[in-house]
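Numbering (UniProt numbering), first residue to last: 1 to 435.
Notes for the one structure printed next.
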């Protein structure tokens, strides 16, 4: 999680790991970015099409967002080459100063915390449907106590998620990385096929699409898009791991990855919304009949995929908390009294605290859409605001022409303003819905 100290290096010189030289291929970088972006956010895109007021407004907002999403990835690669840092928070702190770096770390923790809550909420919803399918009961009789989400999700967290999150390193998780991409592609194909096949249990005539009620309803799509295309936190680490760290090469990798994500997200959102209309759920899988075998397979794949991704998110958040612990102990007691933060006496309490806190929030928050709104607002910092600030600060130390400097500064200011607007609008809307 640590990189070399920041300096005034140009983008021709790239950060090199102390342990080994970068060896990630371009195809590997594309698939890692693709896997980072294709996740639980895919379930919410049909609901986002409904919130936007129809297909045309949602696709328009998605295409406009795609420009900022790609430019954010390219800017982060450029900023990493200038600063010499190998992590997102390191790049922001190295270029924008320690104050902005501390803000980035705080947003990083909150964002990863809410993503973990959303993951647990998705797993809990799928567990409910699986229990209804495996243990059907008569309608008048209440369901058994052991099928309640509060019990099943807590049991799964204790028996599976917590042990997977406990190790000091999670290198073995790389073997399950392809599962998330396969589950996302399978879900997109299922949504498209179900629209044309018209399975039993669905309304034969989907409800008509409605026009957006106001301009705020169109902008309500941004949190879901930010949550769905959320791969910028890992962009710096991926860029610094590539063999070919040319800026134009990184731009090509970013474009290919996000175009593939856009295709999968658009197909899922379009056909999911056309199938259910205004009755679509915030989790598209919850809109389908619980007894459909194809949907059951999709539920199991997505649940297993998220169970394997949750420890990675926890590891990233725990690493920042360990850095806080290290700095706090050094400041209070000196380096000699420091307890190794990666040791079990610090790592295990932080892991238990993370799992317990996110589990409590997942069981308390009533709607997945409200969680997505909060995450989308915080994600605007990593997609728009911090890249814009890094661009403005990076060109101040790089020898560029006056016209190029003026254009880049203007784009950085636009990114910061757009991100600030999205953060304010989505966060206020999410808080009002919670209240």
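A virtual CB, placed ideally from N, CA and C, is assigned to each residue, including glycine.
Nothing here was measured: the structure is a model prediction, and the numbers come from that model.
Going by the DSSP bridge assignment, what does residue 242 pair with across the sheet? 24
For the alpha helix (DSSP H) containing residue 224, list its first residue and its last residue. 221-228
Can you give the beta carbon distance from residue 183 to residue 301, rounded, assuming they're within the 8 Å contact cut? 4 Å
Verify whether the separation of the beta carbon atoms of residue 164 and residue 311 is less than 7 Å. yes
Helix, strand or coil at residue 179 [DSSP, three-state]: helix
Pairs of beta-carbons, one from the region 53-73 and one from the region 283-291, closer than 8 Å: are there three or more? no
Between residue 117 and chain B, is the shortest Cβ-Cβ distance under 7 Å, so that the two count as touching? You won't find chain B in this structure, because it holds only one protein chain.
Under the rule that 16 or more other beta-carbon atoms within 10 Å means buried, what is residue 432, buried or exposed? exposed
Suppose only complete runs of 4+ residues qualify. What are the alpha helix (DSSP H) ranges in the region 260-314, listed by chain order? none
contact_flag[the region 242-261, the region 89-99] where n(CB pairs < 8 Å) is 3 or more: no
Where do the N-terminal and C-terminal ends of the alpha helix (DSSP H) with residue 50 fall, by residue? 45-52
Nearest to residue 306 by alpha carbon, out of 133, 87, 81, 116? 116
Using 6 Å as the cut-off, classify the Cβ of residue 345 as near or not near the heavy atoms of the ligand GTP, replying yes or no. In terms of ligand content, the structure shown is empty, and the ligand GTP therefore cannot be addressed.
Between residue 78 and residue 232, what straight-line distance do the alpha-carbon atoms span, to the nearest angstrom? 13 Å
What does the alpha-carbon distance come out to for the pair residue 415 and residue 147? 46 Å
Can you tell me whether residue 299 is buried or exposed, with buried defined as 16 or more other CB within 10 angstroms of its CB? buried
Classify residue 80: buried if its beta carbon has 16 or more other beta carbons within 10 angstroms, exposed otherwise. buried
Rounded to a whole number of angstroms, what is the C-alpha to C-alpha distance between residue 418 and residue 322? 32 Å
Coil, strand or helix - residue 168 by DSSP: coil
Would a C-beta distance cut-off of 7 Å place residue 303 and residue 126 closer than the cut-off? yes
Relative to the alpha-carbon of residue 313, which residue among 143, 49, 162 has its alpha-carbon at the smallest distance? 162
Which term fits residue 364, buried or exposed, when burial requires 16 or more other beta carbons within 10 angstroms of its beta carbon? exposed
Is the region 265-272 in contact with the region 235-243, if contact means three or more CB pairs nearer than 8 Å? no
Three-way DSSP call (helix, strand, coil) for residue 128 in this model: helix
Please determine, among 41, 430, 113, 158, the residue with the shortest C-alpha to C-alpha distance to residue 377. 430
On the criterion of 16 or more Cβ atoms from any shown chain inside 10 Å, does residue 105 qualify as buried, or is it exposed? buried
So does the region 351-363 actually touch the region 37-44, counting three or more Cβ pairs closer than 8 Å? no
Under 8 Å by Cβ, that's how I've got residue 221 and residue 51 pegged, so tell me the actual separation to the nearest angstrom. 6 Å
Which whole-angstrom value describes the C-beta separation of residue 112 and residue 153, a residue pair presumed to lie in contact below a C-beta threshold of 8 Å? So it is not a contact: roughly 19 Å between Cβ atoms.
If residue 85 and residue 72 are in contact, beta carbons under 8 Å, what's the gap, nearest whole angstrom? Their Cβ separation, rounded to whole angstroms, is 17 Å, which puts residue 85 and residue 72 out of contact at 8 Å.
Are the CB atoms of residue 262 and residue 380 nearer to each other than 7 Å? no
Nearest-angstrom Cα distance between residue 157 and residue 249? 41 Å
Measuring CA to CA, which of 76, 234, 427 is closest to residue 246? 76
Three-state secondary structure (DSSP) of residue 409: helix
Run the CB neighbour count on residue 423, radius 10 Å, all protein chains shown included, and call it buried at 16 or more, exposed below. buried
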